[in-house]
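Q:
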Amino acid sequence: MLSRIAESLYWIGRYVERAEDTARILDVHLQRILADPWTSEDQACRSLLAVMGMPMEDEPFTAARVVGLLGLDERSPSSVVGALAAARENARGARETVSSEMWECLNSTWHGLPNARRRVEQQGVHSFFRWVRERCAVMTGLTDATMSRDEGWLFLVLGRSVERVDMTARLLRTHERAGGSIPSWLTLLRSSGAWETFLRTYRGSLDDRHAAEFLLLDRLFPRSVFAALSTAEGCLTDLEPDPGRAGVATDAQRIVGRARTNLEFRGADELIDDLGPVLASLEKTCSQVNEAVSRRYFRQTTAVNWVRGAVVA
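What follows is the structure, encoded as structure tokens:
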């Protein structure tokens, strides 16, 4: 597979997941602000922007401004609208690889964004976030149903899994900054689409230990950090069918495997005690994996220097 196509598929997976998870994080954060009238809106918004890695100014922040920055900013690939536009652009460059249904889904979603922004003004942000989640779910379903399980599939799922680890860690950071209250866990589980599955798993018992265990360590829930790391590790293994006699073949496999092992052999109580450092480590892991995958599989360009009228690459 051409490295250009592999890179496009990898970023389609990342951007679609980023759009969905950013919509989830914004939705739960704004619900928490509305549910607790004693919460400082400026402080809560700054906390969210810090979790999402956004630069902050001295001016006061409001919920509407945060929605503009993280939800509707077309120029930023970190926003919901920007991520969907970037996913569509990558799909446009890989039309020969993605199915027509996948392209039509991303293209129609992109064309529907102006109407979605009007929906924000008329019906509120929660309606817009629900629409984004539904469109991303359609895209995920079409990907699973129409792509062959070849290298293209592996790169797309790898991108989705890496982004899911990063965004689930950021979602958990919003809980950490909220003070670790039980209502915060409940809202967090709902925003992850995990509430009903969690209730069936733990028979309705809601406490810090069980919630952290489910979202970080559960092997069967696909949005848990452990499940996403395991999926990413499987994709990397399939991309390197001949690892050699010792260790693993790539730096990306080594980084993901170390992060998975670090989670797998921790107890839930230990995770609760070290939640902040664990989440920070997971975010760092995702950044390192992205760099390692780019070095290994994607095209590398060098700066162009002009020397005495000649181009030197």
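Just so we're aligned: 140 in full-length UniProt numbering is position 140 of the sequence shown, and the numbers increase by one with no gaps anywhere.
Beta carbons: idealized from backbone N, C-alpha and C, even for Gly.
Report the start-end ranges of each beta strand (DSSP E) in the region 236 to 313 that is 3 residues or longer and not cut off at the edges.
A: Within the region 236 to 313, the complete beta strand (DSSP E) runs of at least 3 residues are 305 to 307, 310 to 312.
Q: With a threshold of 7 Å on Cβ separation, who are the neighbours of residue 82 within its own chain once the five nearest residues in sequence on each side are excluded?
A: Looking up residue 82 in the sequence shown gives position 82. Closer than 7 Å at Cβ, skipping near neighbours: 73, 74, 75, 76.
Q: Tell me, to the nearest whole angstrom, how far the beta carbon of residue 86 is from that of residue 298; I am working on the premise that it is less than 8 Å.
A: Counting from 1 along the sequence shown, the entry for residue 86 is found at position 86. Counting from 1 along the sequence shown, the entry for residue 298 is found at position 298. Actually they do not touch by this definition, with Cβ atoms about 16 Å apart.
Q: Output yes or no for whether 8 Å exceeds the beta carbon distance between residue 10 and residue 141.
A: Translated into the one-based positions of the sequence shown, residue 10 becomes position 10. Translated into the one-based positions of the sequence shown, residue 141 becomes position 141. No.
Q: Where do the N-terminal and C-terminal ends of the alpha helix (DSSP H) with residue 143 fall, by residue?
A: Within the sequence shown, residue 143 is the residue found at index 143, counting from 1. Where residue 143 is concerned, the enclosing alpha helix (DSSP H) stretches over 125 to 146.
Q: Would you check if the distance between the CB atom of residue 240 and the CB atom of residue 13 is smaller than 8 Å?
A: Stepping through the sequence shown from its first residue, residue 240 is reached at position 240. Stepping through the sequence shown from its first residue, residue 13 is reached at position 13. No; because the gap between Cβ atoms is not below 8 Å, this pair is not in contact.
Q: Short of 8 Å in beta carbon distance, which residues of its chain neighbour residue 144, apart from the five on each side in sequence? Order them along the chain.
A: Position 144 of the sequence shown, counting from 1, holds the residue named residue 144. Nothing listed; no residue qualifies.
Q: Taking residue 71 and residue 125 to be in contact with their CB atoms under 8 Å, please state how far apart those CB atoms are, rounded to whole angstroms.
A: Stepping through the sequence shown from its first residue, residue 71 is reached at position 71. Stepping through the sequence shown from its first residue, residue 125 is reached at position 125. At roughly 7 Å, the Cβ-Cβ gap stays under 8 Å, so residue 71 and residue 125 are in contact.
Q: In the DSSP assignment, the alpha helix (DSSP H) including residue 82 goes from what residue to what residue?
A: The sequence position of residue 82 within the sequence shown is 82, counting from 1. 80 to 92 is the span of the alpha helix (DSSP H), which, as asked, contains residue 82.
Q: Going along the chain, which residues of its own chain have a beta-carbon closer than 8 Å to the beta-carbon of residue 367, five neighbours each way excluded?
A: Residue numbering for the chain in the displayed model covers 1 to 313; residue 367 lies beyond these limits and cannot be assessed.
Q: Does DSSP put residue 47 in a helix, a strand or coil?
A: On the sequence shown, residue 47 is found 47 positions in, with the first residue counted as 1. DSSP places residue 47 in helix when its eight states are reduced to three.
Q: Does the distance from the CB of residue 25 to the CB of residue 220 come in under 8 Å?
A: In the sequence shown, residue 25 corresponds to position 25, counting from 1. In the sequence shown, residue 220 corresponds to position 220, counting from 1. Not in contact: residue 25 and residue 220 (Cβ atoms no closer than 8 Å).
Q: Between the alpha carbons of residue 232 and residue 153, how many angstroms are there, rounded?
A: On the sequence shown, residue 232 is found 232 positions in, with the first residue counted as 1. On the sequence shown, residue 153 is found 153 positions in, with the first residue counted as 1. For residue 232 and residue 153, the distance between alpha carbons rounds to 12 Å.
Q: From residue 167 to residue 276, what does the alpha carbon distance come to, in whole angstroms?
A: Numbered from its first residue, the sequence shown carries residue 167 at position 167. Numbered from its first residue, the sequence shown carries residue 276 at position 276. About 15 Å.
Q: For the alpha helix (DSSP H) that residue 208 lies in, which residues bound it at each end?
A: On the sequence shown, residue 208 is found 208 positions in, with the first residue counted as 1. Unbroken alpha helix (DSSP H) run through residue 208: 208 to 217.
Q: Quick one: Cα of residue 227 to Cα of residue 292, how far?
A: Against the sequence shown, residue 227 aligns to sequence position 227. Against the sequence shown, residue 292 aligns to sequence position 292. If you take the alpha carbons of residue 227 and residue 292, they lie about 20 Å apart.
Q: Could you tell me the alpha carbon to alpha carbon distance between residue 283 and residue 146, rounded to whole angstroms?
A: Taking the sequence shown and counting its residues from 1, the one referred to as residue 283 is at position 283. Taking the sequence shown and counting its residues from 1, the one referred to as residue 146 is at position 146. Residue 283 and residue 146: Cα-Cα distance of roughly 31 Å.
Q: What is the DSSP secondary structure of residue 114, reduced to helix, strand or coil?
A: As a first step, residue 114 is located in the sequence shown; it is residue number 114 there, counting from the start. Helix.
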